[in-house]
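Numbering (my numbering), first residue to last: 43 to 121.
Every residue gets a Cβ at the ideal spot worked out from N, C-alpha and C, and that includes glycine.
What you are looking at is a predicted structure, and each value in this text was computed from that prediction instead of being measured.
Below you'll find the structure, written out as structure tokens, and then a few comments.
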């Protein structure tokens with residue numbers, strides 16, 4: 043899944059939750075898996091590149107993914 047689509051999916055899920063909606067554990071697990079996969083992919087790309095612009099872009103995206111992953115862990119009341 044592309045970065046922007048992943049970010050949009052995360053935003054929609056959180057907006058629904060903040061408006062009193064319900065998040066199923068399955069949807070949350072799938073989102074967390076997508077975020078984890080993206081994080082792993084960015085880590086691999088970061089190790090492989092020396093281009094400063096590309097590294098900066100990857101580091102920024104990794105920060106976003108890490109923040110989303112961390113916040114998603116607190117979305118369900120039993121977590």
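Might you give, ordered along the chain, the residues of its own chain that have their beta carbon closer than 8 Å to the beta carbon of residue i, omitting 5 neighbours on each side?
i, result
"residue 78", "111"
"residue 85", "104"
"residue 53", "none"
"residue 98", "none"
"residue 121", "Any answer about residue 121 is weak, because its pLDDT of 43 lies below 50 and its placement is not dependable; what the coordinates show is given next. Answer for residue 121: 115, listed in chain order."
"residue 91", "97, 100"
Comparing C-alpha positions only, which one of the options sits nearest to residue i?
i, options, result
"residue 107", "59, 63, 70, 74", "74"
"residue 45", "67, 54, 61, 76", "76"
"residue 56", "43, 47, 70", "70"
"residue 43", "109, 72, 113, 93", "72"
Would residue i pass as a contact of residue j if the rule is Cβ separation under 8 Å?
i, j, result
"residue 80", "residue 100", "no"
Keeping to the same chain, check which residues put their C-beta closer than 7 Å to that of residue i; ignore five residues upstream and five downstream.
i, result
"residue 96", "none"
Using a Cβ-Cβ cut-off of 6 Å (strictly less than) and excluding sequence neighbours within five positions of residue i, which residues of its own chain qualify?
i, result
"residue 49", "none"
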